[in-house]
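Before any comments, here is the structure.
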Amino acid sequence: MKTLTCTHTNEQGYRHEINKDTAVFRAIPYAKPPVGDLRWMAPQIEQDLTSYDRFDSTDGIYKTREAAQRCIQGLTSGERLTEDCLYLDIYAPIDAIESGKQLSVLIYFHGGAFFFGANSLAVTPDKGAFIAATQDVVIVSVNYRLGAFGFLFSEADSPSSGNQGLMDQQMAMIWVAENAKYFGGNENDITIGGMSAGGQSVHAHMVMESSKNLFHKAIAFSGPQGLPFYNAEEGELITEGIANLVECCEKPILDVAPPKCRNAINEATVACMKNKTAAEINAAAWKLEQFLPIGNFDRLTMIAEPYAPVVNTAMLEEMPFYSFSKGEIHDKPLLVDVSENEGAFFINLMMWGVQCEEDVTVCETNWNWMLEHLLSEEDLKTVTEADFYNCPEYPAEECLPQADKFLTDFTWYCNMNKCMKDAANKKFQRRNSDMFLSLTTQILPWQKVVNHGSAEYWFFSRITETNDYDQKDRDYQKQFQNYIGNFIRAGSPNGQYGCYLKLIYPSR
């Protein structure tokens, strides 16, 4: 196995076994471990690698062969989960590193409802190395704090200010800009991208003033603009619930649902919570979900993304949807992709809390209950009047497609279509950069619908002769990868001098 060493940063990577023209550097720390007093604090950039187990003091080299541990997250347990998780992976063409050539860079944020996932799951070495080699770009995949560790909020004058996960992403952008040239990348040509919650993160960075100068282009796959983030009051209530469950309330309110504190969250509360183990905080975060939905929160958000970014704060003033609709987004090229059947993957969430009898279909007994459970009175009225969602008019076998259409329209299509069109209409007044909205309709061979996040698979996967794909699939993927690669390099799917790409808006 041939190794490669970045002479400036002393990280030792390796040549990928299949794509031999690509170097792989894994588990590079971009921020100090957010543990102890740094829990819930803004990330601090890491510049000293000597304290890490991967550092070999004999030759002064930081070894980057193995993947980093995943950020601690909901449900999953095991030794591969940790608070010390702020690492990134880099995939770069070797000739760019050796020659000093500066290639376009893609920084990719994984999905997972801000509660699950990891960079090593979204972009494996095979996927990252393949795209870096075939598209001649540098790929960087990033871990960021999740759940109660990445999105816990308090209005008190305390270190817990919320949106820590978004701050981690910003720190990763800063690290990449400072070090891109040592890995064959161009610090002045950085694209951020992500799928699902990663796509929502991209939407947020497109409107956050503190992110404005950290990137140059943006790609969002399957980011649900229809899922509202929390406001400060809602974020505070979630923090109270966890504080109560880990016995850190100065004056807990007992035997109530959801659990709360009689006093406001303060520095003493946060200090107590910092003394709890990560496992205790994570268990409380998961236990709190049994009380969902809480109060007057958006019920679909509480079920789909129980820990999400907080708006009405200095960092994120309002929902990205509203900023997009007003055209108040950064003047940068933007490519947004949605899948034809985004909602299919999430139909089970609509059944949260429903006790089903055997052989009872969703629509026959639970359709109205689900709508009332998920929607506000205003949204419920709108959906009820849109009778093409009305399941009782359809045979039972048509029930799931109708539920899919409802969720897809409500959470993805309608909001994304509106805000992108509104932003485009205001483009010539406030911005010069192009925006692209695409619809993925190619079904993966093992699926019956074009599911949530299909674009990520089509872009990062490597179809070979041995896969269960036909030539149409191979041709589609090659074209799709070239479109995304063109955008990363030139800010347009057509490339700098490419042919016109016809973009079709969803009809609904």
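Quick note: the sequence shown, position 473, residue 473 per full-length UniProt numbering, numbers continuous. We put the beta carbon where it would ideally sit given N, CA and C, even for glycine.
- Each residue's CA atom was taken as its position, placing ALA132 and ALA92 some 6 Å apart.
- About 16 Å separates the CB atoms of ALA27 and TYR108; that is not less than 8 Å, and the two are not in contact.
- DSSP places LYS418 in the helix class (H, G or I) of the three-state scheme.
- Its chain contains GLN44, GLU46 as the residues whose beta carbon lies nearer than 6 Å to that of LYS32, once the 5 sequence neighbours on both sides are disregarded; these appear in chain order.
- In the DSSP assignment, TYR457 falls within the alpha helix (DSSP H) that extends over 454-460.
- Following the DSSP letters along the chain, one finds ILE131 inside the alpha helix (DSSP H) bounded by residues 125-135.
- Bounds of any beta strand (DSSP E) do not take in TYR476; it lies within the alpha helix (DSSP H) bounded by 471-490.
- Between VAL310 and PHE229, the C-beta gap is smaller than 9 Å, which places the two residues in contact.
- Taking 9 Å as the cut-off, the Cβ atoms of MET195 and GLY223 count as close.
- Burial is judged here by how many other beta carbons sit within 10 angstroms of a residue's own beta carbon; ASN275 has fewer than 16 and is exposed.
- Buried is the label assigned to ALA118, since at least 16 other Cβ atoms lie within 10 Å of its Cβ.
- Counted as a single uninterrupted DSSP element, the alpha helix (DSSP H) harbouring PRO320 occupies residues 320-325.
- Residue environment analysis places THR191 among the buried positions, since at least 16 neighbouring C-beta atoms fall within 10 angstroms of its C-beta.
- Taking one beta carbon from each stretch, the region 166-185 and the region 132-146 have 3 or more pairs nearer than 8 Å; the two touch.
- Selection TRP458, LYS127, ILE303, PHE149 evaluated against PRO34 yields PHE149 as nearest (Cα-Cα).
- The straight-line gap separating the alpha-carbon atoms of SER454 and HIS330 is approximately 27 Å.
- In this chain, the beta strand (DSSP E) harbouring GLU187 covers 185-195.
- Annotated three-state conformation of TYR307 is coil, per DSSP.
- Of GLN481, SER492, THR440, ARG489, the smallest CA-CA separation from LYS127 is found for GLN481.
- If you check the CB distance, GLY185 and VAL138 come in under 9 Å.
- Counting only runs of 3+ residues, the beta strand (DSSP E) found wholly inside the region 31-105 occupies 61-63, 87-93, in chain order.
- When the beta-carbon positions are compared, ILE265 and GLU155 come within less than 9 Å of each other.
- By the beta-carbon neighbour count (other beta carbons within 10 angstroms, threshold 16), ASP337 is buried.
- Relative to ALA129, the option among GLN479, ARG462, GLY491 whose CA is nearest is ARG462.
- Between the alpha carbons of THR134 and ARG70 lies a gap of roughly 28 Å.
- Taken through DSSP and simplified to helix, strand or coil, CYS261 comes out as strand.
- For VAL246, no beta strand (DSSP E) run applies, since DSSP gives it neither H nor E.
- When THR22, ALA67, TYR322, ASN486 are compared, the shortest CA-CA separation from THR82 is found for ALA67.
- Residue environment for GLN471: exposed (fewer than 16 other C-beta atoms within 10 angstroms of its C-beta).
- Apart from the 5 residues on each side of it in sequence, ARG489 sits with its Cβ closer than 6 Å to the Cβ of SER104 in its chain, given in chain order.
- CYS414 and SER492 have their C-alpha atoms roughly 24 Å apart.
- If you look at LYS287, you'll find it in the alpha helix (DSSP H) that goes 278-288.
- Excluding the 5 residues flanking it on each side, ASN486 has same chain C-beta neighbours closer than 7 Å at SER492, PRO493, ASN494, GLY495, GLY498, in chain order.
- For ASP168, the uninterrupted alpha helix (DSSP H) run begins and ends at 164-179, by DSSP.
- In the same chain as LYS251, and ignoring 5 residues on each side of it, the C-beta atoms closer than 6 Å to its own belong to ARG262, ASN263, in chain order.
- Counting the other Cβ atoms within 10 Å of the Cβ of GLN73 gives 16 or more, which makes it buried.
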